[in-house]
Amino acid sequence: MKCKRCGAQYSAKELKCPYCGEPNSLGMHWKNTEENAKNETENTRKRVRHSAPLYVIDQIWNVVIVCIVLMAALTIAIAVVGGVFETLHDRYVRSTASVAEADAILETEDTEVLVQYVKEHSLFWEDGYDKYTERVQIYQSYRNLLEMMAYFQQNEDWNHGETPRMYRIGSALYNGQYMLKEFNRTYGSSLEYPENQRYLEKAQQSAVAFLEGTFKMTQEDITRLVDANLYSDEEQDFIKLVCERRGWEYEEN
1 MKCKRCGAQY SAKELKCPYC GEPNSLGMHW KNTEENAKNE TENTRKRVRH
51 SAPLYVIDQI WNVVIVCIVL MAALTIAIAV VGGVFETLHD RYVRSTASVA
101 EADAILETED TEVLVQYVKE HSLFWEDGYD KYTERVQIYQ SYRNLLEMMA
151 YFQQNEDWNH GETPRMYRIG SALYNGQYML KEFNRTYGSS LEYPENQRYL
201 EKAQQSAVAF LEGTFKMTQE DITRLVDANL YSDEEQDFIK LVCERRGWEY
251 EEN
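For the sequence shown, the positions run 1 to 253 when our numbering is used.
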């Protein structure tokens, strides 16, 4: 660059002529531009340094949210597929059953086999299988009573002064009551299917025989038991009655 004052040549970046000291406006402009660029770069660096952690956190949250959404969608998809599969499986299992087979099992009077058949083929209250579901329900109630009957009748200690636990007596009374008042909650009510009605009557006769024989209860006692609320103090009244009749020592719970 040529100095306007002395005519000497020097670099355009110089702020003034090195020979005569004439100010160089172009050099000053160059310096200002360079300083502004440096300042802008430094300010940008500071902003990035402070905002980088927030940016990283924001990105992490975005990833977490995406993962949560994907997991929720996957869970829903698995549930839907599982539900469809279970429905198809149940339909297939039911399709392999037949009323003829269920009737054949019912005629053998092996109710335990009927219970397994109804469960394995998911036939509870399915159309056409009400009769077998009803029989299974009667049997399950009766089986609970049979377990209590076996407990008292097979243990000879109860006939030689030993006293059973009070809760055992209470359980037997409850199962006996349930057997007698189940199905429309009326002693001896008629069922829709005659064969189930006959089965129920036999089970109820066994319950009455147990209460009369093992617990020494009268017909009047049994009638009161059927109408009693065994979830109240009445339960203890009946337990005390049985203990008195059998000569067992009553222990209040």
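Using N, Cα and C, we set each Cβ at its ideal position, and we do this for glycine too.
Residue i (DSSP reduced to helix, strand or coil)
i, result
"P23", "strand"
"L88", "Because L88 carries a pLDDT of 43, less than 50, the predicted location of this residue cannot be relied on, and the following value inherits that uncertainty. Here L88 sits in helix by DSSP."
Classification of residue i by the beta-carbon crowding that lies within 10 angstroms, buried from 16 upward
i, result
"I105", "buried"
"H121", "buried"
"Y92", "Reliability fails at Y92, whose pLDDT of 42 lies under 50, so the model's placement of it is uncertain and the value that follows must be treated cautiously. Classification for Y92: exposed."
"S95", "Since pLDDT at S95 reaches only 46, below the 50 mark, its modelled position is unreliable, and the value read off the structure follows with that caveat. Exposed."
"F124", "exposed"
Delimiting residues of the alpha helix (DSSP H) encompassing residue i
i, result
"F152", "130–153"
"Y117", "111–120"
"T108", "99–108"
Reference residue i; option with closest CA among the options
i, options, result
"V226", "R198, V208, V118, L241", "V208"
"Y129", "I68, D103, S171", "D103"
"V113", "E126, T133, D127", "T133"
"K202", "F124, Y139, N155", "Y139"
"S171", "M148, I222, M179", "M148"
"F238", "E162, I169, R143", "I169"
CB contact check: residue i to chain D, cutoff 8 Å
i, result
"Q177", "The structure shown contains no chain D; it is built from a single protein chain."
Start-end ranges of the alpha helix (DSSP H) lying completely within the region 176–235, minimum 4 residues | For the region 176–235, the continuous alpha helix (DSSP H) assignments of 4+ residues that do not extend past its boundaries occur at 194–213, 219–227, in sequence order.
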